[in-house]
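Sequential numbering of the sequence shown, starting at 11, is according to the numbering used here.
For glycine and all other residues, C-beta sits at the position ideal for the given N, C-alpha and C.
Notes follow once the structure below has been shown.
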Amino acid sequence: MSIQDLEVPVHLLNKRCDPGALGFTTTEDVAPLEEMIGQERALSALELALNIQERGFNLFISGLPGTGRNTALRFFVEQVASRRPAPRHWGYVYNFQDPSQPVPVALPCGQVKLLAGDMDELVAAVRRDLLRVFESEEYSNRIENAMQGLEAKRQAMAVSIEMMAREAGFALVSTPAGFSPLPLVGGRPLSHEELGELPEEEREGVRKRSDVLMQDVKRVLADVRRLDKGAVEETLEVDREVVRSVLSPMLEDLKAKYAAFSEVAAYLALVEEDMVQNSDQFKPPDARNPGPDQPTADDGGLVRYRVNYLLDSIACQFAPIIVESNPTYYNLFGRIDYDARMGMLTTNHMMIKGGALHEANGGYLILQARDLLENPLSWQTLKRVLNSGEVRIENIGEQNNPLPSTTLRPKPIPVDAKVILVGTPDALRLLQSADEDFRRLFKVRAEFDTVMERSPENVGKYAAFVSARHHDGSLMPFHNTAVARIIEYSSRLAEHQEKLTTRFNDVSDIITESNYWASMAGEEVVTHEHVKRAEEQRKYRSSLREDRLQELIEDSTIRISTEGEVVGQVNGLAVLGFGTSAFGKPSRITARVSLGRGQLVNVER
Numbered sequence: 011m012s013i014q015d016l017e018v019p020v021h022l023l024n025k026r027c028d029p030g031a032l033g034f035t036t037t038e039d040v041a042p043l044e045e046m047i048g049q050e051r052a053l054s055a056l057e058l059a060l061n062i063q064e065r066g067f068n069l070f071i072s073g074l075p076g077t078g079r080n081t082a083l084r085f086f087v088e089q090v091a092s093r094r095p096a097p098r099h100w101g102y103v104y105n106f107q108d109p110s111q112p113v114p115v116a117l118p119c120g121q122v123k124l125l126a127g128d129m130d131e132l133v134a135a136v137r138r139d140l141l142r143v144f145e146s147e148e149y150s151n152r153i154e155n156a157m158q159g160l161e162a163k164r165q166a167m168a169v170s171i172e173m174m175a176r177e178a179g180f181a182l183v184s185t186p187a188g189f190s191p192l193p194l195v196g197g198r199p200l201s202h203e204e205l206g207e208l209p210e211e212e213r214e215g216v217r218k219r220s221d222v223l224m225q226d227v228k229r230v231l232a233d234v235r236r237l238d239k240g241a242v243e244e245t246l247e248v249d250r251e252v253v254r255s256v257l258s259p260m261l262e263d264l265k266a267k268y269a270a271f272s273e274v275a276a277y278l279a280l281v282e283e284d285m286v287q288n289s290d291q292f293k294p295p296d297a298r299n300p301g302p303d304q305p306t307a308d309d310g311g312l313v314r315y316r317v318n319y320l321l322d323s324i325a326c327q328f329a330p331i332i333v334e335s336n337p338t339y340y341n342l343f344g345r346i347d348y349d350a351r352m353g354m355l356t357t358n359h360m361m362i363k364g365g366a367l368h369e370a371n372g373g374y375l376i377l378q379a380r381d382l383l384e385n386p387l388s389w390q391t392l393k394r395v396l397n398s399g400e401v402r403i404e405n406i407g408e409q410n411n412p413l414p415s416t417t418l419r420p421k422p423i424p425v426d427a428k429v430i431l432v433g434t435p436d437a438l439r440l441l442q443s444a445d446e447d448f449r450r451l452f453k454v455r456a457e458f459d460t461v462m463e464r465s466p467e468n469v470g471k472y473a474a475f476v477s478a479r480h481h482d483g484s485l486m487p488f489h490n491t492a493v494a495r496i497i498e499y500s501s502r503l504a505e506h507q508e509k510l511t512t513r514f515n516d517v518s519d520i521i522t523e524s525n526y527w528a529s530m531a532g533e534e535v536v537t538h539e540h541v542k543r544a545e546e547q548r549k550y551r552s553s554l555r556e557d558r559l560q561e562l563i564e565d566s567t568i569r570i571s572t573e574g575e576v577v578g579q580v581n582g583l584a585v586l587g588f589g590t591s592a593f594g595k596p597s598r599i600t601a602r603v604s605l606g607r608g609q610l611v612n613v614e615r
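The following block contains the structure:
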């Protein structure tokens, strides 16, 4: 066999596509493609993962950019999500037993936001009506009537104390420390100096009578304090009755509206009891007398009755599909905001913000693997959420905050979301080899291939893809010669005569550029020549290095012998790639032979 027998004829270097065999004249005659082609294996994995709801069947989609990963994913996820009902929405309410741990509440889609609006209206109405009642003459008269009898008893007790003192021969003098008894002589109280001048025996008698008197006075004063306490309690009871009379009719409407939800019924009962017990917060500012633990309307105390809905603009037609392009810790898992007041950070349950995982709860969360792995804390926390089935909102590094602050630890929310990671084969290999949790949490892998068979069926689908670009992208119709050239270009990208590339982004680019050159030529149909022009111009734009290398060869800066024979010298060809450009670089390879030393020689040196 000679060297000529091994030569490949030029016409076999490129497998031609016969335009006449395509079965159409222009893509006007071809129905646009409405399915994914060349990725049957990956689509099967997608369908499996999206329809299994068991824990751990999350999905990793592997493939190079441009293979249709995101397009196929979006198409399949939307199909599956449209068959699933909208999930419950979550919010947070004040925890009346432990204010540091706000309580999550779940209602059908959209109902949490509705409840939040109803509670805001309730608080505004109660505050308005109670302020009017507390400022009314009727309320003042009721309090005055309740206090009249108590004041008479107080006066009587004061008179009895004075009479006890006079009968014992003393006058009671009020001091900052309480009552001080002074003995009476001739109806006049003795001063401390005069008392000190009395004989010792007489002073001892005065002291004993003083002790007996003060014991009696203390008993009466204890009765006065009990009377005052009863007066305060009676006033508070009047206030509670007023609050109940105003609040109950309003709450009855809300209780009826949310009667089907036991969580809301229990919450409304707690709200009612808290409003009644903290009636002082609804009074005019000059009439308040709040205790140390009682809220006031001015310092935001009424915020405790508001409902924080974590989701705002989520549709309620089907299961949510959330694509988070920046998966930082706070974007994924939420955060707690703070207000700086008087050198202190304060917060409340209304300042809890949800993340992408809350939005995707009951649906699908799509993340780019590279972006996620660039945020190590996000990846570790996501694994913890998938393991536990619940997400807890907490800020990073609160213990390192230089300012004193009030902190919250909201109770966790159950999570039922399908997490889908999209990445390259390298990212998949890295996770499989370096993270022992990955295989358990992402049990399904969908691998998108970069090539497919160049079968008549796939060639027809390629033509339908070009037709889809023509119809969807406001492009001109493509002649069958243009489509044939695009199919040949696809095989060249696949680097195989019997394959077609599935990197449709690259194919779509050449379609767009061909349309441009056709429009520049004033044509109404894209032909073979326009596709060829697009290929040539693309090569020209990226061939600067190749042209400079060719110049170096032509001016003998790089010396290559292409004729004759030289002992110990051959020519080699290296393929260099720069972005989308690849070209051959010829090199001279020489060999040197010398006398050996009688030892082994490492030929790899």
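| Item | Value |
| --- | --- |
| If I follow the unbroken alpha helix (DSSP H) through VAL133, where does it start and stop? | 121–144 |
| If you measure from the beta carbon of ASP557 to each beta carbon in chain D, is any gap under 8 Å? | No chain D appears in this structure, which consists of one protein chain only. |
| Would LYS652 be called buried (16 or more neighbouring beta carbons within 10 Å of its own) or exposed? | Beyond the ends of the chain as shown, which are 11 and 615, falls residue 652; an answer cannot be given. |
| Given a threshold of 16 other Cβ atoms within 10 Å of its Cβ, counted over all protein chains shown, does VAL18 qualify as buried or as exposed? | exposed |
| Tell me, please, which residues DSSP counts as bridged to HIS489. | THR36 |
| Reducing DSSP to helix, strand and coil, say where SER566 ends up. | coil |
| Which residue or residues does DSSP assign as beta-bridge partners of MET46? | Paired residue(s): none; MET46 is not in a bridge. |
| For LEU503, which residues does DSSP report across the bridge? | Paired residues: none, contrary to the question. |
| If we require 4 or more residues per run, which alpha helix (DSSP H) segments fall completely within the stretch 415–474? | 435–444 and 448–451 |
| Can LEU264 and ASP130 be called in contact, C-beta distance under 8 Å? | no |
| Which residue or residues does DSSP assign as beta-bridge partners of ASN581? | ARG598 |
| Is the beta carbon of GLU282 less than 8 Å from the beta carbon of LEU312? | no |
| Could you pull the DSSP bridge partners for ALA116 from this structure? | TRP100 |
| Could you give the residue range of the alpha helix (DSSP H) that holds GLU334? | Run containing GLU334: none in the alpha helix (DSSP H); it sits in the beta strand (DSSP E), 331–334. |
| Pick from GLU38, ASP28 and ILE13: whose alpha carbon is nearest that of HIS481? | GLU38 |
| Any idea if ARG314 is buried or exposed, counting beta-carbon neighbours within 10 angstroms, 16 or more meaning buried? | buried |
| Identify, in the order they occur along the chain, each residue of the same chain with its Cβ nearer than 7 Å to the Cβ of GLY30, setting aside the five sequence neighbours on each side. | none |
| Please list the terminal residues of the continuous alpha helix (DSSP H) segment that includes THR391. | 386–398 |
| Specify, as a first and last residue, the run of the beta strand (DSSP E) that ILE376 falls within. | 374–378 |
| In the DSSP assignment, what residue or residues form a beta bridge with TYR319? | GLY101 |
| Output needed for GLU273: all residues of its chain with C-beta closer than 6 Å, excluding positions within five of it in sequence on either side, in chain order. | VAL115 |
| When DSSP labels each residue in this structure, what does ALA178 get in the three-state scheme? | coil |
| How many Å lie between ARG394 and SER388 at the Cα? | 10 Å |
| Can you tell me which of the three DSSP states ILE71 falls into? | strand |
| Between the beta-carbon of MET486 and the beta-carbon of ALA528, is there less than 8 Å? | yes |
| Any heavy atom of the ligand MN closer than 7 Å to the CB of LEU56? | No copy of the ligand MN appears in this structure; indeed no ligand is present at all. |
| In or out: LYS239 buried (at least 16 other Cβ within 10 Å) or exposed? | exposed |
| Give the straight-line distance between the Cα atoms of ASP308 and PRO422, rounded to the nearest whole angstrom. | Below a pLDDT of 50, predicted positions are generally treated as unreliable, and ASP308, at 44, falls in that range; the measurement from the model is reported next regardless. Approximately 31 Å between the Cα atoms of the pair. |
| Within the chosen definition, does the stretch 395–402 reach the stretch 456–474 through at least 3 CB pairs nearer than 8 Å? | no |
| Name the DSSP beta bridge partners of ALA350, please? | LEU355 |
| Alpha carbon to alpha carbon, what distance is there between VAL517 and SER500? | 7 Å |
| What residue range does the alpha helix (DSSP H) around LEU278 cover? | 272–287 |
| Using the DSSP secondary-structure output, state which residues sit across from ALA592 in a beta bridge. | GLY587 |
| Check THR245 in the structure and name its three-state DSSP category. | helix |
| Who are the Cβ neighbours of ASP381 in its own chain at under 6 Å, not counting the five residues just before and after it? | PRO337 |
| For the stretch 80–88 against the stretch 463–482, are there 3 or more C-beta pairs whose distance is under 8 Å? | no |
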